[in-house]
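Peer 1:
Printed below as a string of structure tokens:
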């Protein structure tokens, strides 16, 4: 169960301390121009060590394509790629072989598989998301040909949040600071919050907002694979995610129907809605308005402080982890959120292609 | 794209005003005893007209099985079933043939398919969820053999919410009132809120909480198909759902890692956690604790009052819908939430079966 | 595992002596005009009792559509249908409850499921192929819009075979006789052979040839899902089939490459090949030439004569089956072969539309 | 569409003259001991240059695993692997950029994708089968834990064939000669035939027989995914295959039912059949007898002689290919046939474990 998508499918592989991580993209249309520099730039947005508020592990994370691209274009055959693991300090983890770290996947992997790669989380490491960012960068290049843009930004860190909606923000400012928050003032507070967490040997979570523009009406499947259901599925599959909402979301449960309904209007550019509580999706299918959603990330579980837990012999033990870890994953998760959204959209674009013979 | 599940698969069919709705369950193990009375009782929890706060449409909704069950047990072959449509007043909808109702799927279906069954929402009607409840009832009977119970209840309606967590409630009280809220005092307020909305020709939304007990450690797939990602996908595919969170959810984004981490303890019954912010799932795999989650439902879009919208010729028109509609779907959505959760769990149970040769 | 197809998917249900057999077609494009009379006429080609050389069981086999068709066109939603079981003499089979009939599926079903519907073969009955013929008839109507025709005929019965290739025959004569052989002289001999087998309380097999015209170059997937691999898979899934070959087939293994290669020529209508040993498929993808293939059917296992076998208690027993059975399935299998081929082709047509941005 | 299998899934990648070929195996159970030497030895049976009757291209074809194996056992996570391309003489192919070689996939790829990697066949090269042999070797190691053995041998080359059935042969002799025919006398004639074809700048085809022993009753899905349908699908997806039959096959169409039926007998080891025209499969499900089948391979299309064809501008041209090619693929195809069969069987083994609560 390591494949994502229906027509445009990513199959991902790799453990954090194995040879590398990567994947195969199957189902890409042929003839799509691929810009390797763009793909690498997306990976660079995800990579560790990119700023003072992320982990200081230095992972070059250069992507190498093994197939499926020829003379700069997709062949229509499987696009395989690998990012080699290089800066692994496997020694850091030898002490954890027999430990179940709190709120990690050590215990559940052991129960599921009877056996696990205990080095740095193995398959449960967020290093796996490299494959998603590479595939997402390919997906973005297809979407751009259709005029679709996928953007995300950090909208809250711990208790610091942007009070404005995405419409009131200049999203081109997102990459202008290391926390990827398009509101510079709030960004500064978020950075301070993350730095304080780091000094406290603690971690903080937050919320990422995603915005998708340019989707024409008609993408999405109306029953189980509603466009927002596939988006939610994609987001909830990202490490540390605890919740997803789109459009009016949980707040919408407190609105009356008479307020929540989006009134259709007819103008020069066809049909639009006066408000957009629907989040660009009605009956599971895009209606041409902006699609927007929020993704909740918990504070990550790796704490550089003493903690109680149990070992594989069920004895109580005390651990005191060392190593280089993010006090907050949000800044690096922004390209992952965008990538997963792009994978969903390109898949629904291809599903919708020629639905009408 | 009308199939749900990987091993245990429901394929659903039916429009609200066609011959009937139903489905095929493929991938059920053989030899499972099936109690038709239980399945019917689940359908009765979903059916319209069951109380004064639901639509007064009277739909008998008797399920008829066509295959896959023999001498009271599953054969291992496809289980097909149908619930015939009976109380349709198609005439109610003829006026809507050329109208795009606000926040409905009329416009998006037209854009997707170029053509639609305009009678009562057709495929976009929540009547489709009948298939999910039947399949969920079969899934529940398999899960009970493994000691797994799936329960849900209404935890908020509009701005009225239960302040207690599921652990502080007696969930056996859920079916004791027509709103399906296990806190009798809050239930009474919810009922009044819904009745007031009905009198106002308005609608209200709310939140349903799901609780799953008895899942052993090891169910779930660690990457894209994390157990909570599949649960979220299932919930977001239900009509009117705007959000999903599990465990600490969105509130967890404001906790520090040092508080959020669930400390493992070792006791007589093996490993447990002192707290359960993880919501019973770590790294996408069940850890043996209770699984709990919340699902946000918007106020439904059908308002029995005058509204502005556009027609298929893009002219502004005023509509004033008549008919029999729910002012609040939450009470009837409880068995749907349970059913979708049961489908996810039985699928992951079967996926995990013999993962170890 | 009762679903066939990737984009255009048939999920089939039903036991021979349950309520009915039928299926759900999911993934049909919307707006396709559907002619119910054509579908029924296809079913009539398959149904028992249609001539003196088929079983004399009279099964009306009227198809009833429950969803997915509105105002004579496909909605793009699931098309579900059922054919009710009517002429079942379950009593005929009560004596077989504890018997494993030779070369039937009784023993293997019991081993697989631990339990079976012993009445008339249950799910293993060729009555299940009704679902394929209905879905195939829908597929044919889509293919005709693209100029693709699928035809099949009986090319051998036991040791009587047409010596000519499909190109030397007038396929419009196929339906002109009860054995569905387009060579009238050979047809007469086949009918006599089948009648003799019936008198002998024996059964005979044979070969059906399929011919597909009008497929443009470019349909098919080049690795596992080669167009001929999907065709072969489809045919081998039909009851009683023992072999499949396309183009030069097994005889091609005795040709030299210098003879077998199909030379390309360029003419007014573009590229063609001088010969067609490739059977219209090169590298798994259609090349625009006719696609042709052969399907081997064994003599069916139900013999109306005394036979030795064992019962479920592993005792040796003698059976002497009664009832109404075909001495030769070939004539009724012609529409089944066509239907399965049509399902494969419409699926690859839709797959190929997804390859174009 | 580059994924094979349902539970145990191989996704394959690679062009003949790209960086490498390989794949990802997803869905393997965890804890399976993996012997890399065995996998390499299987690859060595497939590799070019292994004897005087195969192509003299020297491809080291060393497999490198990137993930999914830890401490010598499968982790249950995706097993990815690559075999780097090394001995490519891309220059050999530059002249073929604008040519459609007869009976190759050049023309059909161009039509499907609008664009192709013209170097050495690209994705249509049989070099892709490396991925299948690696995955098949993993599958074989799982099957051995269940007592299942998969073997294949060359049973005919051009018009030279073994007259004996597999039961009359000593299959341990298969690897004793370079043509992989277990009948030494026939093997010698086959070798001479292939050498003569090489001298004639021609090619020859033939038949490979597969034999699977040790499968317990109950594997296989009874409708579309009959065990033999999946086997046939697997075989027909191998390059150059034109036909598949199992058990009595095409010859069985000329037998009477009274002869063809396999009589059940009950003995010390349970139920067996006196004959095995069923080929070990009844109703699509294994019955515990040996499974055997035949696969027809055409003479390959690459001829080292002058031939007429057309180019991409639709002009008639003469080509005269050079290079190092096999006059007969049969000897190297034996491990490919075994591998595809092993993939099918391990998948059905895992499917069947999901049928048991």
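Residue numbers (the numbering used here), protein chains in the order written: chain A, 785 to 1141; chain B, 785 to 1141; chain C, 785 to 1141; chain D, 785 to 1141.
For each residue, glycine too, the CB sits at the ideal point set by N, CA and C.
My output table needs one value for residue 1100 of chain B: the three-state DSSP class, helix, strand or coil.
Peer 2: strand
Peer 1: So who's on the other strand from residue 1092 of chain C, going by DSSP bridges?
Peer 2: C:1102
Peer 1: Rounded to whole angstroms, what is the Cα-Cα separation between residue 1126 of chain D and residue 1135 of chain D?
Peer 2: Here the alpha carbon of residue 1126 of chain D sits roughly 14 Å from the alpha carbon of residue 1135 of chain D.
Peer 1: Look at residue 1176 of chain C and residue 1016 of chain C and say whether their C-beta atoms are less than 8 Å apart.
Peer 2: Past the boundaries of the shown model lies residue 1176 of chain C; chain C is included only from 785 to 1141, so the question cannot be answered.
Peer 1: Of all the CB atoms in chain D, is at least one closer than 8 Å to the CB of residue 979 of chain C?
Peer 2: For residue 979 of chain C, no CB of chain D lies under 8 Å from its own CB, so it is not counted at the interface with that chain.
Peer 1: Residues in its own chain within less than 7 Å of residue 988 of chain C by CB, not counting five upstream and five downstream?
Peer 2: 941, 942, 977, 978, 981, 1083, 1111, 1112
Peer 1: Is there contact here, the segment 886-896 of chain D with the segment 819-836 of chain D, by at least three beta-carbon pairs under 8 Å?
Peer 2: no
Peer 1: Report yes or no: is there a C-beta of chain C within less than 8 Å of the C-beta of residue 1137 of chain A?
Peer 2: For residue 1137 of chain A, the answer is yes, since a Cβ of chain C falls inside 8 Å of its Cβ.
Peer 1: Taking just the CA atoms, how far does residue 1050 of chain B sit from residue 1059 of chain B?
Peer 2: 13 Å
Peer 1: Any beta carbon from chain C within less than 8 Å of residue 1081 of chain B's own beta carbon?
Peer 2: no
Peer 1: By DSSP's criteria, residue 738 of chain B is part of a beta bridge. Which residues make up the other side?
Peer 2: Lying outside 785 to 1141, the shown extent of chain B, residue 738 of chain B is not represented and no answer is given.
Peer 1: Would you mind telling me which residues of chain A sit closer than 8 Å to residue 1099 of chain B, beta carbon to beta carbon, in chain order?
Peer 2: Identification of chain A residues near residue 1099 of chain B by a Cβ-Cβ cut-off of 8 Å yields 1050, ordered along the chain.
Peer 1: Rounded to whole angstroms, what's the CA-CA distance from residue 995 of chain B to residue 924 of chain B? Just pull it up for me.
Peer 2: 13 Å
Peer 1: Cβ closer than 8 Å: which chain D residues qualify as neighbours of residue 859 of chain A?
Peer 2: 799, 897, 899, 900, 901, 906, 907
Peer 1: Can you check whether the CB of residue 1068 of chain C is closer than 8 Å to the CB of residue 1021 of chain C?
Peer 2: no
Peer 1: What does the Cβ neighbour count give for residue 993 of chain A, buried or exposed, with the cut at 16 atoms within 10 Å?
Peer 2: Answer is buried; the Cβ neighbour count reaches 16.
Peer 1: So which residues of chain C does residue 1045 of chain D contact, with C-beta pairs closer than 8 Å?
Peer 2: Chain-ordered, the chain C residues with CB closer than 8 Å to the CB of residue 1045 of chain D read 886, 887, 1085, 1087, 1091.
Peer 1: Taking 8 Å as the threshold, find out whether the segment 848-858 of chain B comes into contact with the segment 947-965 of chain A through three or more Cβ pairs.
Peer 2: no
Peer 1: Could one say the Cβ of residue 1039 of chain D lies closer than 8 Å to chain C's Cβ atoms, at least one of them?
Peer 2: yes
Peer 1: Tell me, please, which residues DSSP counts as bridged to residue 1048 of chain D.
Peer 2: D:1057
Peer 1: Determine contact between the segment 940-959 of chain A and the segment 1037-1046 of chain B, defined as no fewer than three beta-carbon pairs at a distance below 8 Å.
Peer 2: Judged by Cβ distances under 8 Å, the segment 940-959 of chain A makes contact with the segment 1037-1046 of chain B, as three or more pairs qualify.
Peer 1: Let me know if residue 1035 of chain C comes out buried or exposed under the rule of 16 or more other beta-carbons within 10 Å of its beta-carbon.
Peer 2: exposed
Peer 1: Please list, in chain order, the residues of the segment 793-824 of chain B that have any C-beta partner in chain C closer than 8 Å.
Peer 2: Residues 793, 795, 796, 797, 798, 799, 802, 803, 804, 805, 806, 807, 808, 810, 811, 814, 815.
Peer 1: With 16 as the cutoff for other CB atoms within 10 Å, does residue 983 of chain A come out buried or exposed?
Peer 2: exposed
Peer 1: Bridge partners of residue 795 of chain B, per DSSP?
Peer 2: B:787, B:808
Peer 1: Is it the case that the Cβ atoms of residue 862 of chain C and residue 899 of chain B are separated by a distance below 8 Å?
Peer 2: no
Peer 1: Just tell me which of C:849, C:814, C:801 has its CA closest to the CA of residue 821 of chain C.
Peer 2: C:849
Peer 1: Can you confirm whether residue 880 of chain A, when its beta carbon is compared against all beta carbons of chain D, has any partner nearer than 8 Å?
Peer 2: Not an interface residue.
Peer 1: For residue 907 of chain A, which of B:847, B:911, B:1010 has the nearest alpha-carbon?
Peer 2: B:1010
Peer 1: Mind checking residue 740 of chain B: buried by the 16 CB within 10 Å criterion, or exposed?
Peer 2: Here chain B comprises residues numbered 785 to 1141, so residue 740 of chain B is not present and cannot be evaluated.
Peer 1: Using a beta-carbon distance below 8 Å, is residue 1008 of chain A in contact with chain B?
Peer 2: Closer than 8 Å: yes.
Peer 1: Measure the C-alpha to C-alpha separation of residue 817 of chain A and residue 791 of chain A and round it to an integer number of angstroms.
Peer 2: 19 Å
Peer 1: At the level of alpha carbons, what is the spacing between residue 953 of chain B and residue 919 of chain C?
Peer 2: Residue 953 of chain B and residue 919 of chain C have their C-alpha atoms some 51 Å from each other.
Peer 1: Between residue 850 of chain B and chain C, is any beta-carbon pair separated by less than 8 Å?
Peer 2: yes
Peer 1: Among the residues of its own chain, which have a CB less than 6 Å from the CB of residue 901 of chain D, if the five just before and after it don't count?
Peer 2: Around residue 901 of chain D: 799.
Peer 1: At which residues does the beta strand (DSSP E) containing residue 937 of chain B begin and terminate?
Peer 2: 933-941
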